[in-house]
Every structure is written in C-alpha cells, then in structure tokens.
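Input: a single structure, listed below in structure tokens.
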Amino acid sequence: MKTPATLLAATALATLATAASAEKWDMPMAYAATNFHSEVGANFAQCVTDGTGGELEIVTHPSGSLFGGAEIKRAVQTGQANIGERLMSAHQNENPLYGVDSIPFLVSSFDEHEKLWSIAQPAVAEALAEDNLHYLYSVPWPPQGLYMNKEVSTLDDLKGVKFRSYSAATARMAELTGMIPVQVEAAELSQALATGVAESFISSGATGYDRKVWEHLSHFYEVDAWLPRNAVFVNMDAWNRLDDATRDVVTDCAEQAAAEGLERSKDYTEFTLNGLEEGGMTVTRAGDELVAGLKEIGETMTEEWLEQAGDEGRAIVEEYKGGM
Ligand code: PCA
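Written out as structure tokens, the structure reads:
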C-alpha cells in the first residue's frame, strides 16, 4: 500500500506531466468582442479547450487588443501567435487569391457567395499553406454597402470624398470613383470618422452597427457589392506539433464554427440594418444610376483581378459562373 506521502508525490508528478504537455494558444482577432465573428471565435476556442480536456486551451483576444488587424497574419506566420483571425481580402496585395471574395458584383447573396467559396477554398488554403499557415475555417461578412455623410445618387457625388478602405479592392474602388482612400482598421473607424480622417466607407451593416457610425454619418446605401470573409488559421509549425487526436478536435470545432458563423452572419444582417435605422440613419437601396456607375467600375476591377490572379483565378471564376 502507498503511504500518503508517496500518494502526494505521485499526484504532484501527474499534475506536472499534464502541465508540461498542455498548451495555451492566444488567438488575436481584430473585431469588436460583441461582433458575431468574435463570438463564434470564442465558442470555437471553448469547444477546443473542452474537447481536448484542457490539453489545448485557446484564448481569444478580440478588438485588436493583442495584435491590430494589420499585424495578425504576420504574427501567426512567424509564430508570435499560434492562431488568429483575419480579413482575407486585406492581404490581396500579397496574393490575388486572398481577394477572390472581393470581385465586385460577382456574388451578391450568401448563397451565391458560399458557392463561390466552396470552389475557391482549396486554392486559398493552399496559398495560406505557402505562407506557413494551416487554414481552419472562415465566415463571411454580410453584403457590402456604402456609408455616406450625405445623400448620393451618382458617381459624381462621390468625387473628392474621404473614404476609409479595408482592402486593396475597397481602395481601388475609391480611386476609380475619384474618392480619397485611407486604410483604417474597423477598431479605429469611429475615431477616423470623428476626426474627419474619413467621411465614408464600404462595409456591412454589421461594422457600421458595431462602431455606432450613426454618430457621424447619415446614409447607408445597400449595394451588395461583395461579401468578404474572415479566416481563422494556425501557424503551420504549431499545427504540425499537435497529435492526431487534438487535430481532430480542432478540425471538428472549426467545422461547427463555420456553420454557426454563416447562420450568425445572416441573422446579423437584418438586425444591424434595423439598428442603423434606429440610430437615425437612412437605410435604403442605392439608386439605379449609382449602381450602374459602381458596376462599371466593378467591371474594370474584375478585369484587373483576373489578370493578376492568372489561370488559377480565372478557372475559379469560370467554374463558379459555369455552375450558376
Ligand atoms: N466589415 C469589415 C470588413 C467587411 C465588413 O463588413 C470592416 O469593415 O473592416
């Protein structure tokens, strides 16, 4: 029989062994804690922590509190963080495939977007692998519309307006319309509007709602220009270090998160458009003339993207259009 002393020692050793093999991963995220992406990420983190019995604990850090949006991808690539979430299209200048979700007017609804994504996802996951990242899951933002501080009905009304961009595509759209783009993370959006650094932007109802932009702007025009995605990825070396059982738990939790995120994004669309209205904004579909002007610009941007993305990009778009 063991004496109480050896029992104690054995327990202490077992605790030490668990502590040595258990890992804690910090997960930087760029958007507000109350945003659905962040809530889905928190559920995902809990799912992994519970599913591995605490062997792998994931802790989310929303609102850019650990790394700002612009730093997250690099931080995970280099192993400063093991896992993170980032808006893919913000990295289109590194690889055009990261902007496959921002080809103007190619898709305008969640269903169309999911179809495009099911075709594009393997190529994007491969591009991420080349950047030392293992793709886990991604979730679309609601359709993108135009926020303004005045009524607008034609492209001419946009000329000279200071415009907050979040990606190469949003900056290019601004340039082609004669607006003045400035790249600003959503976490700093309210400040940019309050100080006049920006006076308009393209985004979902979700981001305008999260940032209470009715305090600064008056109009939201539904344009449904595209639906960009946030992706969650893991540093490839950290991923390779996990045993098979842990990887299975993470993969299962990621699948659940993707499904939950899609539903949450759909629900958040109407909820946040109503919220903008309650805040005092005019929420309406963009007029025909404005839409026609934006679509013309969209055609130029589509050509530019196809040229940059080469055969692989063209094949994705053609497969999407062929299956419509
Ligand atoms: N919100 C994010 C990206 C797309 C969206 O709807 C943002 O404005 O930063």
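With my numbering as the guide, the letters of the sequence shown map in order to residues 473 to 796.
Where is the CB? At the ideal position from N, CA and C, for every residue including glycine.
Here the structure is a predicted model, which means the values were calculated and not measured.
Cutoff 8 Å; reference residue i; Cβ partners in own chain excluding five residues on either side
{"i": "Val531", "result": "Lys496, Trp497, Asp498, Met499 and Ala517"}
Neighbour-count burial assignment, residue i, 16 or more Cβ in a 10 Å radius
{"i": "Asp783", "result": "exposed"}
{"i": "Gln564", "result": "buried"}
{"i": "Asn746", "result": "exposed"}
{"i": "Thr679", "result": "buried"}
{"i": "Lys474", "result": "Confidence is the limiting factor: at Lys474 the pLDDT is only 45, short of 50, which leaves the residue's position unreliable and the question unanswerable from this model."}
{"i": "Glu768", "result": "exposed"}
{"i": "Asp682", "result": "buried"}
{"i": "Gly541", "result": "buried"}
{"i": "Ala486", "result": "Model confidence at Ala486 stands at a pLDDT of 47, short of 50, so the residue's coordinates are unreliable; what they give is reported in the following sentence. Exposed is the call here."}
8 Å Cβ cutoff met for residue i and residue j
{"i": "Ala670", "j": "Val656", "result": "yes"}
{"i": "Val548", "j": "Asn712", "result": "no"}
{"i": "Trp686", "j": "Leu748", "result": "yes"}
{"i": "Glu529", "j": "Ala494", "result": "yes"}
{"i": "Trp777", "j": "Arg701", "result": "no"}
{"i": "Gly765", "j": "Thr626", "result": "yes"}
{"i": "Val611", "j": "Tyr570", "result": "no"}
{"i": "Glu557", "j": "Gly513", "result": "yes"}
{"i": "Trp613", "j": "Ser676", "result": "yes"}
{"i": "Ala730", "j": "Asn515", "result": "no"}
Distance cut-off 7 Å: residue i Cβ against heavy atoms of the ligand PCA
{"i": "Thr679", "result": "yes"}
{"i": "Gln663", "result": "no"}
{"i": "Leu559", "result": "yes"}
{"i": "Ser465", "result": "In the structure as shown, the chain begins at 473 and stops at 796. Residue 465 is therefore absent and cannot be evaluated."}
{"i": "Trp698", "result": "no"}
{"i": "Ala655", "result": "The amino acid occupying residue 655 in the given sequence is Gln; Ala does not appear at that position. Incorrect: Gln655 has no Cβ contact closer than 7 Å to the ligand PCA."}
{"i": "Tyr638", "result": "yes"}
{"i": "Gln616", "result": "yes"}
{"i": "Ala658", "result": "yes"}
{"i": "Trp686", "result": "no"}
{"i": "Trp613", "result": "yes"}
Three-state class that DSSP yields for residue i in the structure shown
{"i": "Met651", "result": "coil"}
{"i": "Asn746", "result": "helix"}
{"i": "Leu605", "result": "strand"}
{"i": "Ser580", "result": "coil"}
{"i": "Gly523", "result": "helix"}
{"i": "Asp715", "result": "coil"}
{"i": "Thr487", "result": "Caution applies to Thr487, whose pLDDT of 48 falls short of 50 and renders its modelled position unreliable; the model cannot decide the point."}
{"i": "Tyr792", "result": "helix"}
{"i": "His563", "result": "helix"}
{"i": "Glu623", "result": "coil"}
{"i": "Ala492", "result": "Reliability fails at Ala492, whose pLDDT of 49 lies under 50, so the model's placement of it is uncertain and the value that follows must be treated cautiously. Three-state DSSP puts Ala492 in a helix."}
{"i": "Asn554", "result": "coil"}
{"i": "Val703", "result": "Residue identity check: residue 703 is Ala in the sequence provided, not Val. Strand at Ala703."}
{"i": "Lys824", "result": "Outside the shown range of the chain (473 to 796) lies residue 824, about which nothing can therefore be said."}
7 Å CB neighbourhood of residue i in its chain, flanking five on each side removed
{"i": "Glu735", "result": "none"}
{"i": "Ala489", "result": "Low confidence applies here, because Ala489 scores a pLDDT of 45, under 50, leaving its location unreliable; read the following figure in that light. Here the set comprises nothing."}
{"i": "Ser580", "result": "Pro615 and Asp696"}
{"i": "Val520", "result": "Leu528, Ile530, Val721, Val722 and Cys725"}
{"i": "Ala505", "result": "Pro534 and Ser535"}
Same chain, Cβ closer than 6 Å to residue i, five either side skipped, listed in chain order
{"i": "Thr754", "result": "His691"}
{"i": "Gly751", "result": "Trp686"}
{"i": "Glu527", "result": "Ala494"}
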